[in-house]
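These notes are about the structure you will find just below.
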Amino acid sequence: MRIRISHTISYAYAEPARHITQILRLTPRDHDGQHVMSWRIEPTIDGRLRAAQDAFGNIVHTFSADGPIAEMAIQIDGLIETTDLAGIVRGTTERVPVEVFRRDTLLTTPDEALRGFADDTTRAADTPLSKMHALLDALHAETTCVEAGQRTGLGAAAAFAAREGIPQDIAHIFMTCARHLGIPARYVSGYVAQSDAQLQIALPHASGAHAWAEVHLDDYGWVGFDAANGLCPIDTHVRVAAGLDFADAAPVRGARKGGDGEALAVLVSAREAGGRIANQ
59 MRIRISHTIS YAYAEPARHI TQILRLTPRD HDGQHVMSWR IEPTIDGRLR
109 AAQDAFGNIV HTFSADGPIA EMAIQIDGLI ETTDLAGIVR GTTERVPVEV
159 FRRDTLLTTP DEALRGFADD TTRAADTPLS KMHALLDALH AETTCVEAGQ
209 RTGLGAAAAF AAREGIPQDI AHIFMTCARH LGIPARYVSG YVAQSDAQLQ
259 IALPHASGAH AWAEVHLDDY GWVGFDAANG LCPIDTHVRV AAGLDFADAA
309 PVRGARKGGD GEALAVLVSA REAGGRIANQ
């Protein structure tokens, strides 16, 4: 599938900012499941935009600008060609040992309820892969995914207790359970496209920016699980950044001097742009 992405992040300040610095993890990389045909990040104000890579191999842009800045925006436009690999992730840039992704973080620390849920839902499964699919199905049935504006991001335990969360929360719950079961897991940020053909699948969360989890299985390598939609990532999914949790793969992190009264607006469109390509 070819997916056209348009992502605008706009800021307005009641008091102009004297300086801003933003860390942008908004650029996807090629791997076996996707090819970046074109990609552009363009701030609407003059400043310095520098590209680098972080410890996880994510492409990171740092944008900084001096004020006064009353308003600004970051515009991202791109075209990605994707292939459905049934969730299997191959050809990615790997910078850290797999064992690192067994670590708990502040957002993925299990409590007794999560440990019990992970154990109970996977008890009848006899392989690591079947355990992950059992966990996927149970978590999708047990929780409600809400839009980002309805709830701020929570840690895994709090989101599970509420039985709802935004996609990043659902990914954190899945990762926490997988790590409790001894399986390395990582957080992935990206996009999920709205297909004109609807893929004959009703994706309830196909509105642009998205998040899911990947686990490492000895027989398969990294495999993706999108618990918010109840499936493994397919060719609607564009993978952008990965890390131990949301903090490592957040699309935008920043700081500013001044700029009180910030108003933020985000518009994201990710839609099928053309024909599919055959599985490889």
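Sequence positions in the sequence shown follow the numbering used here and run 59 to 338.
The beta carbon of each residue, even a glycine, is placed where N, CA and C say it ideally should be.
For residue i: DSSP bridge partner residues
{"i": "residue 341", "result": "Any property of residue 341 remains undetermined from this structure, which presents the chain solely from 59 to 338."}
{"i": "residue 140", "result": "92"}
{"i": "residue 80", "result": "121 and 312"}
{"i": "residue 101", "result": "132"}
{"i": "residue 245", "result": "271 and 301"}
{"i": "residue 295", "result": "250"}
{"i": "residue 111", "result": "117"}
{"i": "residue 278", "result": "DSSP lists no partner for residue 278."}
{"i": "residue 85", "result": "117"}
{"i": "residue 325", "result": "66"}
{"i": "residue 75", "result": "127 and 316"}
{"i": "residue 146", "result": "281"}
Contact belief for residue i with residue j at Cβ below 8 Å, rounded distance in angstroms
{"i": "residue 201", "j": "residue 231", "result": "7 Å"}
{"i": "residue 143", "j": "residue 283", "result": "Their Cβ separation, rounded to whole angstroms, is 13 Å, which puts residue 143 and residue 283 out of contact at 8 Å."}
{"i": "residue 303", "j": "residue 165", "result": "4 Å"}
{"i": "residue 299", "j": "residue 249", "result": "Not a contact, Cβ separation roughly 11 Å."}
{"i": "residue 229", "j": "residue 270", "result": "5 Å"}
{"i": "residue 61", "j": "residue 272", "result": "With a Cβ gap of about 19 Å, residue 61 and residue 272 do not count as contacting."}
Secondary structure of residue i, DSSP reduced to three states
{"i": "residue 190", "result": "helix"}
{"i": "residue 201", "result": "coil"}
{"i": "residue 61", "result": "strand"}
{"i": "residue 283", "result": "strand"}
{"i": "residue 217", "result": "helix"}
{"i": "residue 320", "result": "strand"}
{"i": "residue 237", "result": "helix"}
{"i": "residue 106", "result": "strand"}
{"i": "residue 157", "result": "helix"}
{"i": "residue 224", "result": "coil"}
{"i": "residue 307", "result": "helix"}
{"i": "residue 152", "result": "coil"}
{"i": "residue 331", "result": "coil"}
{"i": "residue 266", "result": "strand"}
{"i": "residue 164", "result": "coil"}
{"i": "residue 289", "result": "strand"}
Among the options, nearest to residue i - alpha-carbon criterion
{"i": "residue 251", "options": "163, 129, 66 and 326", "result": "326"}
{"i": "residue 276", "options": "243, 295, 217 and 71", "result": "243"}
{"i": "residue 225", "options": "240, 274, 168 and 197", "result": "197"}
{"i": "residue 215", "options": "227, 59 and 204", "result": "227"}
{"i": "residue 295", "options": "147, 218 and 162", "result": "147"}
{"i": "residue 49", "options": "221, 213 and 185", "result": "Residue 49 falls outside the range modelled here, since the chain spans only 59 to 338, and no answer is possible."}
{"i": "residue 274", "options": "324, 292 and 152", "result": "152"}
{"i": "residue 238", "options": "160, 323 and 278", "result": "160"}
{"i": "residue 235", "options": "212, 287, 178 and 145", "result": "178"}
{"i": "residue 102", "options": "127, 280 and 132", "result": "132"}
{"i": "residue 222", "options": "285, 99, 180 and 301", "result": "285"}
{"i": "residue 129", "options": "121, 269, 68 and 123", "result": "68"}
{"i": "residue 88", "options": "124, 213, 99 and 149", "result": "149"}
contact_flag[the stretch 313-321, the stretch 72-83] where n(CB pairs < 8 Å) is 3 or more: A contact is defined here as three or more CB-CB pairs under 8 Å, and the stretch 313-321 meets this definition with respect to the stretch 72-83.
Under 8 Å: do the stretch 80-96 and the stretch 154-172 share three or more Cβ pairs, one atom per stretch? No, the stretch 80-96 is not in contact with the stretch 154-172.
Three-pair Cβ contact test at 8 Å for the stretch 83-93 versus the stretch 112-127: Here the stretch 83-93 lies against the stretch 112-127, with 3 or more beta-carbon pairs under 8 Å apart.
Are at least three pairs of beta-carbons, each pair with one atom in the stretch 132-139 and one in the stretch 162-179, less than 8 Å apart? The stretch 132-139 is not in contact with the stretch 162-179.
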